[in-house]
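In this note's numbering, the protein residues as written are 17 to 83.
Yeah, the Cβ is synthetic: ideal placement off N, Cα and C, and Gly gets one too.
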C-alpha cells in the first residue's frame with residue numbers, strides 16, 4: 017500500500033510539472049510580441065499555475081485494523 021501511495025504521489029507530481037510547464041509556455045507566448053497580438057485576437061490569455069492547498073499535501077492515515 018505504501019508503495020502504491022508513493023507511485024501515485026510521483027505520478028501526480030509529474031502531471032503537475034507537465035501542466036505547469038505547458039502553462040509557462042502558453043503565458044510566455046501570449047505575452048510576447050507579435051504572438052500577443054494574435055493571442056488577443058484569438059481570445060487567449062495567461063493561465064494560472066496548478067497549486068495544491070497545504071491541507072491536501074499531507075498523506076492520509078491508512079489503517080488496517082479488523083474492526
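Secondary structure at residue 67: coil, using DSSP grouped into helix, strand and coil. In the displayed model, residue 37 falls within a helix according to three-state DSSP. For residue 52, the enclosing alpha helix (DSSP H) stretches over residues 51-58. Secondary structure at residue 30: helix, using DSSP grouped into helix, strand and coil.
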